[in-house]
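Peer 1: Right, I'll just put the structure down here and ask away after.
In this note's numbering, the protein residues as written are 80 to 336.
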């Protein structure tokens, strides 16, 4: 049975809760996962859990935290802000690298907003990232916030927005609408893969083309008729298998270098 351990990380007065999936054979590397907006480390529909277990089986240690105001972590979605979430992810990366001076680079996989935030983090800390894998990265988030909506949900003029049954605070828009989520991505030198459903109504396909232009080494796989959550079973199988393969290839290349 795959090994799973609950882990906690203290950050800015909050406890961020997560899971550590131990490798089932000799360690080949560490992978950090990042969920989307108003989701958690088990969503959507166990997608990140299935990826973590597939990576476990191939000898990777996997860490997946809920960001503040999501899942089991402290905080409230009403307090969420993209700059703070990127800081949280940076603390998670520190945790994944472990204590001491030997800071081993970590493979990172994100979905939606989590993917876009990981790309920003990788641009800030390129030497700490072994490979980067972006599923429908929401690089258009600032544009949609300026247009007055997020993931198709109109933002409230005052007070919180009812977002999937949770209150998304006005600070999310205020802090996010001026951001350039693509700035500095040319500093990323590690292997990069992009995955995008052709019918993604939340992050249109041209958004991932911007990532391709910013990172010439990136490779993209399009999923015909696929949506933002990769909701078809056959496509999820391909998504997980190809992501695991890309991480394994990156790990082997680092080992051989």
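No residue lacks a Cβ here, since even glycine has one placed at the ideal position from N, Cα and C. What you are looking at is a predicted structure, and each value in this text was computed from that prediction instead of being measured.
#1: For the beta strand (DSSP E) that residue 154 lies in, which residues bound it at each end?
#2: List the whole-angstrom C-beta distance separating residue 267 from residue 211, where the pair is believed to meet the contact cut-off of C-beta under 8 Å.
#3: With a threshold of 16 other CB atoms inside 10 Å of the CB of residue 238, please say whether the residue is buried or exposed.
#4: Could you say which of 286, 304 and 165 lies nearest to residue 223 if we only look at CA atoms?
#5: Are there 16 or more other CB atoms within 10 angstroms of the CB of residue 244, so buried, or fewer, so exposed?
#6: Within 10 angstroms of the Cβ of residue 181, are there 16 or more other Cβ atoms? Answer buried if so, exposed if not.
#7: Where does the unbroken beta strand (DSSP E) through residue 116 begin, and where does it stop?
#8: What does a CB cutoff of less than 7 Å around residue 162 pick up in its chain, not counting 5 residues either side in sequence?
#9: Measure from the alpha carbon of residue 116 to the alpha carbon of each residue in 300, 197, 106 and 277, then state which is nearest.
#10: Taking the alpha-carbon positions, what's the residue 131 to residue 137 distance?
#11: Ignore the nearest five residues each way along the sequence and tell me which others in residue 272's own chain have a CB closer than 6 Å to its CB.
#12: For the beta strand (DSSP E) containing residue 188, list its first residue and its last residue.
#13: Under a Cβ-count criterion, where at least 16 other Cβ atoms within 10 Å of its own Cβ denotes burial, should residue 307 be classed as buried or exposed?
#14: Starting from residue 322, trace the alpha helix (DSSP H) both ways and give me its first and last residue.
#15: Kindly list the residues whose CB is nearer than 8 Å to the CB of residue 277, restricted to its own chain and excluding five residues on each side of it in sequence; keep chain order.
#16: Would residue 152 and residue 94 be called neighbours here (beta carbons separated by less than 9 Å)?
#17: Applying the 10 Å Cβ sphere with the 16-neighbour rule, what's the burial state of residue 119?
#18: So, is residue 175 buried or exposed, given that buried needs 16 or more other C-beta atoms within 10 angstroms?
#19: Give the single residue among 259, 216, 167 and 200 whose Cα lies nearest to the Cα of residue 225.
#20: I need the straight-line Cα distance from residue 109 to residue 142, nearest angstrom please.
#21: Please check the pair residue 339 and residue 289, which I expect to be a contact at CB under 8 Å, by giving their CB distance rounded to whole angstroms.
#22: Three-state secondary structure (DSSP) at residue 309?
Peer 2: Taking the structure as given:
#1: Per DSSP, residue 154 belongs to no beta strand (DSSP E) and is neither H nor E.
#2: 6 Å
#3: exposed
#4: 286
#5: exposed
#6: exposed
#7: Segment: none, residue 116 is in no beta strand (DSSP E) and carries neither H nor E.
#8: 254
#9: 197
#10: 10 Å
#11: 212, 298 and 325
#12: 185-190
#13: buried
#14: 312-335
#15: 284, 301, 302, 303, 304 and 305
#16: yes
#17: buried
#18: buried
#19: 259
#20: 8 Å
#21: Residue 339 cannot be examined here, being either before or after the span of the chain that is shown, 80 to 336.
#22: coil
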